[in-house]
Amino acid sequence: MNKPRMPKELIPLLEPGILYSKCPWRFHPDPPLLEKLFVDAPVVELPAHIDHAFGRESFVYWIDQGILATCAPRTRGPRMTALFVPRTILGGPKALLHKRPLELTIRTLSPVRLRRRDALQFRRFLADHPGIELEYLRTLAWNHEAQLDGLLVNGLDPVPVRLARLFLSLLAIGGEESSAGLLPIEPTVDELALMVHATRAVVNRLLSDWIKRGLIERNGRKIIVLPNFKAAFESSLAL
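Mapping to the UniProt record's numbering: the sequence shown position 191 is 191, numbers consecutive.
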């Protein structure tokens, strides 16, 4: 059965403002002044490849190091909703807007170092610093757009396109402007499937096919995106 294809005129890849943001899923760093709240805050360190149910906690976290995915429950298991990077706040929208427990978990995609504050302290800090609060809300709007873009990718695009966009977004997180190089995480196949809302079997087949075609290399969990990867993505949706 042929996979659905997007019209070629809708394929200008990764151009902000056309279809998706430059990095679907990825949250922008939050205002640096927010870090003041987390000076001398308790440190939480988590190893890679674990789940943590932060949605029912009354804490807000500043991410010092590491990359993690937030996940929402689905009937077929959790699915990624956003990618968090260093200098972003985890749990801020929940503390500021929802103010109630949510069924959200994180999957650590690398070792993570966090600093923790109570959600009430976070709200009071923003109330006492309206300029910082305005900057935070502006960043929150950008991040909401990136999250919606990720949901559109996972909801509308075929799995090969989802995985390709994910790799390019991860390279941007790692600072690889050439759209080639070593991914900044060492994901399991299950984690890749979780991130692109697919099955392990489908992702495994894609990885094997891309290796055969000389688009990526794998060394254990390390994935190297080769220089011709983006060009192949731009020329065809049938990676």
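Glycine included, every Cβ here is placed at the ideal spot set by N, Cα and C.
All figures in this text were calculated on a predicted structure; none of them were measured in a lab.
Can you give the Cα-Cα distance for Pro12 and Glu234, rounded to whole angstroms?
Start at 1 with the first residue of the sequence shown, and residue 12 comes out as number 12. Start at 1 with the first residue of the sequence shown, and residue 234 comes out as number 234. In this predicted model, Pro12 has a pLDDT of only 37, less than 50, meaning its place in the structure is not dependable enough to derive any value.
Where are the beta strand (DSSP E) runs, 3 residues long or more, that stay fully inside the stretch 199-235, in chain order?
Taking only runs of at least 3 residues, the beta strand (DSSP E) segments lying wholly in the stretch 199-235 are 216-219 and 222-225.
Ala231 to Pro86, Cα distance in whole Å?
For this step, residue 231 is matched to residue 231 along the sequence shown. For this step, residue 86 is matched to residue 86 along the sequence shown. Here the alpha carbons of Pro86 and Ala231 stand approximately 29 Å from one another.
If you scan the stretch 45-97 from start to end, which runs of the alpha helix (DSSP H) of 4 or more residues do you find wholly inside it?
Counting only runs of 4 or more, we get nothing.
For the pair the stretch 43-54 and the stretch 153-165, tell me if three or more CB-CB distances fall below 8 Å.
The answer is no - the stretch 153-165 does not touch the stretch 43-54, with fewer than three Cβ pairs under 8 Å.
Count the other CB atoms within 10 Å of the CB of Lys222; is the residue buried (16 or more) or exposed (fewer)?
As a first step, residue 222 must be located in the sequence shown, where it is residue number 222. Exposed, by the Cβ-count rule.
Give me, in chain order, the residues of the same chain whose beta-carbon lies closer than 8 Å to that of Leu226; leave out the 5 immediate sequence neighbours on both sides.
Taking the first residue of the sequence shown as position 1, residue 226 is located at position 226. Within the same chain, Leu226 has close Cβ partners Ala180, Gly214, Leu215, Ile216 and Glu217.
Return the chain-ordered list of same chain residues with a C-beta closer than 7 Å to the C-beta of Leu190, the five sequence neighbours on each side being excluded.
Working through the sequence shown from its first residue, we reach residue 190 at position 190. With the sequence shown as reference, residue 190 is identified as Asp, and Leu is not the correct amino acid for it. Cβ neighbours of Asp190 beyond the five flanking positions: Arg200.
So who's on the other strand from Gly181, going by DSSP bridges?
The sequence position of residue 181 within the sequence shown is 181, counting from 1. According to DSSP, which records beta bridges pairwise, Gly181 is partnered with Val225.
Neighbourhood of Asp30 by C-beta distance below 7 Å, restricted to the same chain and skipping five residues each side
Here residue 30 corresponds to residue number 30 of the sequence shown, with the count starting at 1. Hits under 7 Å: Arg87, Thr88, Ile89, Tyr136 and Thr139.
Lys36 versus Tyr61: straight-line alpha-carbon distance, rounded
Along the sequence shown, one-based indexing puts residue 36 at 36. Along the sequence shown, one-based indexing puts residue 61 at 61. Between the C-alpha atoms of Lys36 and Tyr61 there is a straight-line separation of about 13 Å.
Would you mind sorting Trp25 into buried or exposed? The rule is 16 or more other CB atoms within 10 Å of its CB.
As a position in the sequence shown, residue 25 is number 25, starting the count at 1. Flag for Trp25 reads buried.
Checking the sheet assignment: what are the DSSP bridge partners for Ile106?
Here residue 106 refers to the residue found at position 106 of the sequence shown. Ile106 is bridged by DSSP to His52 and Thr70.
Secondary structure at Asp118, three-state DSSP: helix, strand or coil?
Position 118 of the sequence shown, counted from the first residue, corresponds to residue 118. Here Asp118 sits in strand by DSSP.
Look up Ala165 in the DSSP assignment and say whether it is helix, strand or coil.
Here residue 165 refers to the residue found at position 165 of the sequence shown. According to the sequence displayed, residue 165 carries Arg and not Ala. DSSP, reduced to helix, strand and coil, places Arg165 within a helical segment of the structure shown.
Say whether the stretch 112-127 touches the stretch 200-212, bearing in mind that this needs 3 or more beta-carbon pairs closer than 8 Å, one atom from each stretch.
They do not touch, by the three-pair rule.
Helix or strand or just coil, what does DSSP make of residue 260?
With the chain covering 1 to 239 only, the question about residue 260 has no answer from this structure.
What is the DSSP secondary structure of Val196, counted as helix, strand or coil?
Position 196 of the sequence shown, counted from the start, is the residue given in the question as residue 196. In this structure, DSSP gives Val196 a state outside helix and strand, which the three-state scheme calls coil.
Using the beta-carbon count (16 or more within 10 Å), is Gly155 buried or exposed?
Locating residue 155 in the sequence shown gives position 155, counting from the first residue. By the Cβ-count criterion, Gly155 is exposed, with fewer than 16 other Cβ atoms from all chains shown falling within 10 Å of its own Cβ.
Kindly list the residues whose CB is nearer than 8 Å to the CB of Ile173, restricted to its own chain and excluding five residues on each side of it in sequence; keep chain order.
Position 173 of the sequence shown, counted from the first residue, corresponds to residue 173. Cys23, Arg26, Ile67, Leu83, Val85 and Pro184.
Buried or exposed (CB count within 10 angstroms, at least 16 for buried), Leu33:
Residue 33 sits at position 33 when you count from the first residue of the sequence shown. When all chains shown are included, Leu33 counts as exposed.
Look at the alpha carbon of Ala198 and the alpha carbon of Pro158, and state the distance between them as a whole number of angstroms.
Position 198 of the sequence shown, counted from the start, is the residue given in the question as residue 198. Position 158 of the sequence shown, counted from the start, is the residue given in the question as residue 158. A straight line joining the alpha-carbon of Ala198 with that of Pro158 spans about 10 Å.
Output yes or no for whether 8 Å exceeds the beta carbon distance between Ala69 and Ile106.
Along the sequence shown, read from residue 1 onward, the residue named residue 69 stands at position 69. Along the sequence shown, read from residue 1 onward, the residue named residue 106 stands at position 106. In contact: Ala69 and Ile106 (Cβ atoms closer than 8 Å).
In this structure, how does DSSP classify Val43 when only helix, strand and coil are distinguished?
Position 43 of the sequence shown, counting from 1, holds the residue named residue 43. Three-state DSSP puts Val43 in a strand.
Can you tell me the Cα-Cα spacing of Val153 and Met80, whole angstroms?
To locate residue 153, count along the sequence shown from 1; it is residue 153. To locate residue 80, count along the sequence shown from 1; it is residue 80. Computed Cα separation, rounded: 12 Å.
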